[in-house]
Structure formats: structure tokens, C-alpha cells
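Right, one structure below, let's go through it.
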Amino acid sequence: MANKTEKINTGVPLYEQVFCPRCGERLAPADLEIFAACPYCDYVFTRDSNLEDFVLLPLITRWAGRAHNQFPAG
């Protein structure tokens, strides 16, 4: 599989980006959602709270946005 990019995406906050320590590839939460391994070089990430937060952040953000729109405060 060819690498997609090795540069920091300035349009995405740094807390929403993870870089593989082995190949340097930028990974999205979806890349690590099922298997905690880099899809480019098979580096296995340590499963910890930081990895869990990284994977769940887009889901929680989307859920919170929907809940706020459905039940606005006030």
C-alpha cells in the first residue's frame, strides 16, 4: 500500500492526528478504530486511554452536536 502523506495537515488540529512512529504516516481515527495497527507498516500501537480518546473523539463530537441541535439549551 502506498503512503498517502507524510506532512502535517494544517487544516486538522494536532490532537486529531496521530503519526506512526515507524513509518511516519499520518493516521486518521478510522485507520485505528478496529485494529490498533498502522495500515501501512503494521506497527502495533499500545492500547491505552490516549489511543481510545483519539479513536472516539469524532464519534463523541458528532453525537454531542446532534444532541445539542435536538435539545438546545435555554
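1 is the number of the first residue of the sequence shown in full-length UniProt numbering; add one for each residue after it.
The C-beta atom is built at its ideal place from N, Cα and C for all residues, glycine as well.
**Item:** Exposure of D48, with buried meaning 16 or more beta-carbon neighbours within 10 Å
**Value:** exposed
**Prompt:** Taking C-alpha atoms, which residue in N69, R22 and P39 lies nearest to A30?
**Reply:** P39
**Request:** Could you check the C-alpha separation between L27 and H68 for me, to the nearest Å?
**Result:** 29 Å
**Asked** Which of helix, strand or coil does DSSP assign to F19?
**Response** strand
**Prompt:** Which runs of the alpha helix (DSSP H), 4 residues or longer, sit entirely within the region 38–72?
**Reply:** 49–70
**Message:** Tell me the DSSP secondary structure of A30 in three-state form.
**Reply:** helix
**Asked** Quick one, are the C-beta atoms of R66 and Y43 less than 8 Å apart?
**Response** no
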